[in-house]
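J.: Be aware that the sequence shown starts at 1, since it is given in the UniProt record's numbering, and climbs by one per residue.
I am attaching a structure below and will ask some questions about it afterwards.
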Amino acid sequence: MYNKTIKELSLLLKNKKISVIELTKIFLDRIKASNLNAFIHVDEELTLMQANIAEKKIISGNNLTQLTGIPIAHKDIFVTRHWKTTAGSKMLANYISPFNADIVERLKKAGTVMLGKLNCDEFAMGSSNENSYFGPVKNPWDYSAVPGGSSGGSAAAVAARLVPATTASDTGGSIRQPAALCGVTGIKPTYGSISRYGMIAFASSLDQAGPIAKTAEDCALLLNVMIGFDKRDSTSLQRKNEDFSYGLKKNTKGIKGLRIGMPREFFNVNLDTDVQNGIYSALKEFEKLGAKLVDISMPKTNLSIPVYYVIAPAEAASNLSRFDGVRYGYRSKNYKNLVDMYKKSRTEGFGEEVKRRILIGSHVLSRDFYNIYYLQAQRIRRLISEDFQKIFTGPNSCDVIMGPVSPTVAWNIGNKRDPIVNYLSDIFTLSTSLAGLPGMSIPCGFSVNKPIGLQIIGNYFKEAQLLYIAHQYQNITDWHLKKPKL
């Protein structure tokens, strides 16, 4: 039962082949038996209360959606009423929010059943899920390897079949990269499509929520609920309602004539041979479906790392200033005065990576360096966005861009202790986030029994196109159906 997709489970629940409570208990038992450290907080009583409510809806047949009764879990960056929300940090280790994030509330109203909160890099800062106060998450394909980050708990839980789907967040690749390293499907929609209300902020101009699931079709069903305007979020976009699963039901059009851009900067010498071969094999499958591969250049790709690691820490330094030991969160027990309390609470409450980024951010925002670093980074960010638009709307335009998600497959826990080395693993995902474009990762092969992910990037509001293309690929391959031996 735990191997089935959301679509399959929804049909079984609707036809009363299994009850919501039975289904929920199957996943709760799997979570109890797991030693991946994917979950931070599980409350069986709260979960079964939601399962009972969903079961009554199915029995009555009223107000049903395709997500009614489907168990899910939330990345612990989204606040949840009655459940702990820690952001993977000691600073918020015992915090319980008085309200739900918009994304949590939308999925609750759709009838989903919450299994718990998922481990993540502290305040979503990391590419390996090693920065969590609650310890690293293990990759279900290899327990000695990282699952990717910062949504490592989300991706690992789906890959290990602990939950059919999860919420996640992507600031510089934190949906796509862990999805790739764990062999599951994840999509980051256009920036502003999903409300950030109730998402604990890291970098406000980059943070974007999205789903991780087994298939593109499941991601489409989740996006149908998750996307929507929210007046409480000043960055929330007003866009027409769209059924992202509608086009997936029709296989008549295909992708014949689709122009796929292959950035030469994505296939450089830093890309592992096995990863490169896996990507090329996937692209050949698209050629068989009638797509055309086009050689393109994105010359500012290498600039995305320094630009991101100026802008994101600057915004983090501002956002995390609210955690001072006064209103909520961790407070040091030993301090002499107010200023000493600030210092000790933040020193003791934040992890090393968070403190590193706060220091970087404070430095680039200082009077002497603001123009040199922060303003210059924003100018280059605009140029990176223009690179994409030349590809999508120029004279020899491409419909989508494809390439690797990560230069390597999952590395071993502790292997990349140098933060700069860790930052370089985001080279293929950062530019998409800086431009605010939609992007997704789908499984496309293996290297030494570790998954490889194919990245698909589209123009603004082209999530339906990305999902359709991914669905066509998953119709002729079975990489997304592979599961680790647990």
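The C-beta atom is built at its ideal place from N, Cα and C for all residues, glycine as well.
For the candidate residues PRO136, GLY126 and GLY172, whose alpha-carbon lies nearest to that of SER150?
T.: GLY126
J.: If you drop the 5 nearest sequence neighbours on each side, which residues of the same chain put their C-beta closer than 6 Å to that of LEU92?
T.: THR86 and GLY329
J.: Using DSSP with H/G/I as helix, E/B as strand and the rest coil, what is ASP295?
T.: strand
J.: What did DSSP end up calling LEU64 once you bin it into helix, strand or coil?
T.: coil
J.: Would the beta-carbon of ILE457 fall within 8 Å of that of LEU437?
T.: yes
J.: Since PHE443 and PHE266 should fall inside the 8 Å C-beta cutoff, what is the C-beta to C-beta distance between them, to a whole number of angstroms?
T.: Contrary to the premise, residue 443 reads as Pro rather than Phe in this sequence. That belief does not hold up - the Cβ atoms of PRO443 and PHE266 are roughly 18 Å apart, past 8 Å.
J.: Nearest to PHE123 by alpha carbon, out of ASN131, GLY116 and LYS117?
T.: ASN131
J.: For ASP170 and PRO71, I'd like the C-alpha separation in whole angstroms.
T.: 22 Å
J.: Below 6 Å CB to CB, which residues in the same chain sit around GLU315 once its five sequence neighbours on both sides are set aside?
T.: ALA203 and SER204
J.: What residue range is occupied by the uninterrupted beta strand (DSSP E) comprising ARG259?
T.: Its beta strand (DSSP E) spans residues 259-263.
J.: In this structure, does DSSP put ALA33 in helix, strand or coil?
T.: helix
J.: In whole angstroms, give me the CA-to-CA distance for THR190 and ILE279.
T.: 24 Å
J.: Per DSSP, which one or two residues make a beta bridge with ILE187?
T.: Answer is MET440, bridged to ILE187.
J.: What are the uninterrupted segments assigned as beta strand (DSSP E) that are 3 or more residues long and contained completely in the stretch 39-100, given in chain order?
T.: Complete beta strand (DSSP E) runs here, min 3: 39-41 and 71-75.
J.: Given the structure, does PRO189 come close to the ligand COA, in the sense that its CB is under 7 Å from one of the ligand's heavy atoms?
T.: Only the bare structure without any ligand can be found here, which leaves the ligand COA out of the picture.
J.: Taking buried to mean at least 16 other C-beta atoms within 10 Å of its own C-beta, is PRO164 buried or exposed?
T.: buried
J.: Would you identify the three-state DSSP class for ILE311, choosing helix, strand or coil?
T.: helix
J.: Measure the Cβ-Cβ separation of ILE103 and SER10 and say whether it is below 8 Å.
T.: no
J.: Helix, strand or coil for ILE194, going by three-state DSSP, please let me know.
T.: coil
J.: From the DSSP output, which residues share a beta bridge with ALA213?
T.: ALA165 and THR185
J.: According to DSSP, which residues form a beta bridge with MET199?
T.: PHE78
J.: For GLN376 and VAL146, what's the separation of their Cα atoms in angstroms?
T.: 34 Å
J.: Can you have a look at LEU383 and say buried or exposed, based on whether 16 or more other CB atoms are within 10 angstroms of its CB?
T.: It is exposed - the Cβ of LEU383 has fewer than 16 other Cβ atoms within 10 Å.
J.: Any idea if LYS117 is buried or exposed, counting beta-carbon neighbours within 10 angstroms, 16 or more meaning buried?
T.: Here LYS117 is buried. Its C-beta has 16 or more other C-beta atoms within 10 Å.
J.: Kindly indicate which residue of ALA464, ILE452, TYR370 and GLY445 has the alpha-carbon position closest to the one of SER245.
T.: ALA464
J.: According to the Cβ coordinates, are ALA180 and GLY453 closer than 8 Å?
T.: Against a cut-off of 8 Å, the Cβ pair of GLY453 and ALA180 comes out as a contact.
J.: Below 6 Å CB to CB, which residues in the same chain sit around GLY361 once its five sequence neighbours on both sides are set aside?
T.: These residues qualify, in order along the chain: PRO313, ALA314, ALA316 and ALA317.
J.: Classify residue 544: buried if its beta carbon has 16 or more other beta carbons within 10 angstroms, exposed otherwise.
T.: As displayed, the chain neither begins before 1 nor continues past 486, which places residue 544 out of reach and without an answer.
J.: Just checking my contact of CYS120 with ILE260 at CB under 8 Å: how many whole Å lie between their CB atoms?
T.: No, CYS120 and ILE260 are not in contact; Cβ-Cβ is about 32 Å, not under 8 Å.
J.: Leaving aside the five residues before and after ILE413 along the sequence, list all residues of the same chain whose C-beta is less than 8 Å from its C-beta, in chain order.
T.: SER128, GLU130, PRO136, LYS138, SER144, ALA145 and VAL146
J.: Could you check where the alpha helix (DSSP H) with MET341 kicks off and where it finishes?
T.: Taken as a continuous stretch (DSSP letters only), the alpha helix (DSSP H) holding MET341 covers 338-349.
J.: Bridge partners for GLN208 per DSSP, in chain order?
T.: ASP170
J.: Thinking C-beta only, is PHE229 closer than 8 Å to LEU221?
T.: Result no, Cβ atoms of LEU221 and PHE229 do not sit closer than 8 Å.
J.: Smallest Cα separation from SER281: which of MET402, LEU258, VAL42 and GLY254?
T.: MET402
J.: Is it the case that the Cβ atoms of LYS75 and ALA168 are separated by a distance below 8 Å?
T.: yes
J.: Tell me whether LYS117 sits in a helix, a strand or coil according to DSSP, three-state version.
T.: strand
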